[in-house]
Amino acid sequence: MNRSPAPSPDRREASAAVPYPLRVAAAVSWRVLAVVGLLIVLGYVVIALQQVMIPVAVALLLTALLGPVVDWLTRHRVSRGLATLVVLIGGLALIGGLLGFVIQAFVNGLPALQIQVANSVQQIRVWLQHPPFGLPPIKLQNLLDSLSRSVANNRYAITSGALSTAVTVGQYLAGAALALFTLIYFLYGGRSMWRFLLGAVPHRVRDRVDVAGQRSFGSLVGFIRATALVAVMDAVGIGIGLVAVGAPLVVPLAALVFLAAFIPVVGAVVSGVVAVLVVLVTNGPVPALIVLAVVIGVQQLEGNVMQPLLMGRAVELNGVAVVLAVAVGSVVAGIAGALLAVPLLAVLNAGIRALISGDLEPADSGPVGSAFPPADVPADPVAGHAEELSDP
């Protein structure tokens, strides 16, 4: 019997001749490119649908904030529908009351602000007329006249801007209605929605995906709670400083500080600068320096004490990652993107860590049961969804 000669090393397959590290690098590279391509496509889809995606994301944030209250009422023998209704009405009443209080404080403080601004402008005019500037009064008056003519010549652009603002307000109202509608479903039917989604996941990885979802939402809940507490402390601390120097519009400025605190790092800086500038214009440089010192002190206390203490391990994010996330979010979707970037990053970080680790033990803090409960998913996702909806 004739035997075929053994293949020589020169006749090996070309792939076997490639060094192993190079083969590994090539395999990793095409997978990375595939993931990057998927993320790019997903980013384009999100940008194209941001009028829908942003309200849904805001509703998810509000679910993380209000869901624990609904769950607490449910555990105390209140039906889920009634608990959802009570929380929504109470939340809307609280927001409406606070908004009305802020607007009323702004209206009441506006006359004093106008007087202080007029006095500050007069002081600036006197300052410009003396050395080192030494501008004659006629030149200052010509400058004011030039500004008035510029406003008059551009009144069409100003009117167009007002009309576009009206259109934008309409879009915001539509988005708010969508967010409210979605919030109701998240609070009331989030359990069935999550189980339905899990039913479409392959059984061998279902438990791992369930735990990843629980940890992701638990991270979101921890982020929202901690950020809300930090925002309250920032507003109270800076508000006390504004009251101490006799600044106008203390309540509106404190409300601005509170809202801006939900945009990590950047929001606190911007709101602090606004507060300092208002005090500089209305009260002078010395009170402005005092407020600046208060703002810096509050921000140092926030960054070094409050955030690490309140967030703990709920949100494990690097500071550089937070700043980059806010920057990318603001470029992609403006203020809404800056607001949603860090919560999204926290959710992705917790979920990916859970998927990689393979640990099937849920997080200690736990997510809101209305949105991400422990899964008990039947084999048929549609049947499971119908069964959940039929529960009393």
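Start counting the sequence shown at 204; every next residue gets the next number (this note's numbering). Ideal placement from N, C-alpha and C gives every residue a C-beta, glycine not left out.
* Asked: Where does the unbroken alpha helix (DSSP H) through N521 begin, and where does it stop?
  -> Annotation: N521 is outside any alpha helix (DSSP H) and is labelled neither H nor E by DSSP.
Check this for me: beta carbons of L558 and A415, under 8 Å apart or not?
yes
Count the C-beta pairs between the stretch 502-509 and the stretch 481-488 that are closer than 8 Å, then say yes if the count reaches three, no if not. no
Query raised in the report: In the stretch 240-294, which residue ranges form an unbroken alpha helix (DSSP H) of at least 4 residues, counting only runs that do not cross its ends?
Result: 253-278
Applying the 10 Å Cβ sphere with the 16-neighbour rule, what's the burial state of F426? buried
**Study point:** V404: first and last residue of the uninterrupted alpha helix (DSSP H) it sits in
**Key:** Looking at the DSSP string, V404 is not in any alpha helix (DSSP H), and its letter there is neither H nor E.
- What whole-angstrom Cβ distance do V529 and I466 have, given they're in contact under 8 Å? 6 Å
Tell whether a beta-carbon distance below 8 Å holds between A471 and A478.
no
Margin query: Let's test the definition: count the other Cβ atoms within 10 Å of the Cβ of L265 and tell me whether it reaches 16, buried, or not, exposed.
Written below: buried
Query - Nearest candidate by alpha-carbon position, reference L301, set P455, S395, G554 and F389 - result: P455
Burial state of S349, where buried means 16 or more other Cβ atoms lie within 10 Å
exposed
Worksheet item: Buried or exposed: G522, going by 16 or more other Cβ atoms within 10 Å of its Cβ?
Response: Per the 10 Å Cβ criterion, exposed.
Since V460 and A438 should fall inside the 8 Å C-beta cutoff, what is the C-beta to C-beta distance between them, to a whole number of angstroms? That pair is a contact at about 5 Å.
Would a C-beta distance cut-off of 8 Å place A382 and V261 closer than the cut-off? yes
Are the CB atoms of L462 and G312 within a distance shorter than 8 Å?
no
- For W397, does the count of other Cβ atoms within 10 angstroms reach 16, so buried, or fall short, so exposed? The residue in question, W397, is buried, as its Cβ has 16 or more Cβ neighbours within 10 Å.
Practice item. List in chain order: all unbroken beta strand (DSSP E) runs of 3+ residues lying wholly within the stretch 300-338. Key: Taking 3 residues as the shortest admissible run, the stretch 300-338 contains no complete beta strand (DSSP E) segment at all.
Starting from P490, trace the alpha helix (DSSP H) both ways and give me its first and last residue.
P488 to L504
Buried or exposed, going by whether 16 or more other CB atoms sit within 10 Å of the CB of A541?
By the neighbour-count rule (16 or more Cβ atoms within 10 Å), A541 is buried.
In or out: L263 buried (at least 16 other Cβ within 10 Å) or exposed? buried
Check your understanding: Looking at L445 and V494, is the spacing between their C-beta atoms short of 8 Å?
Key -> yes
Legend entry - Inter-residue spacing [alpha-carbon to alpha-carbon] between V508 and G500: In this structure, the CA atom of V508 is about 11 Å from the CA atom of G500.
Point to revise | For F461, the first and last residue of its enclosing alpha helix (DSSP H) | key: V453 to A463 is the extent of the alpha helix (DSSP H) around F461.
TODO: Please list, in chain order, all residues of the same chain as H406 whose beta carbon is under 7 Å from its beta carbon, the five residues on each side excluded.
DONE: Once the five neighbours on either side are set aside, H406 has no close Cβ partner at all.
Can you tell which of P258, R428 and G487 has its C-alpha closest to the C-alpha of G449? G487
- request: Under 8 Å by Cβ, that's how I've got G532 and A544 pegged, so tell me the actual separation to the nearest angstrom.
  value: 3 Å
Rounded separation between V571 and V221 - CA only: Low local confidence applies: a pLDDT of 40 at V571 is under 50, so the model's placement there is unreliable, and no value is given.
* Are the beta-carbon atoms belonging to T624 and V259 less than 8 Å from one another? -> Beyond the ends of the chain as shown, which are 204 and 595, falls residue 624; an answer cannot be given.
Query raised in the report: Ordered along the chain, which non-local residues of its own chain (more than five positions away) have a Cβ less than 7 Å from that of Y391?
Result: R283, G284 and T287
### Query
Are the beta-carbon atoms belonging to Q254 and G378 less than 8 Å from one another?
yes
Problem - Neighbourhood of L551 by C-beta, 8 Å cutoff - its chain only, sequence neighbours within 5 removed - result: S419
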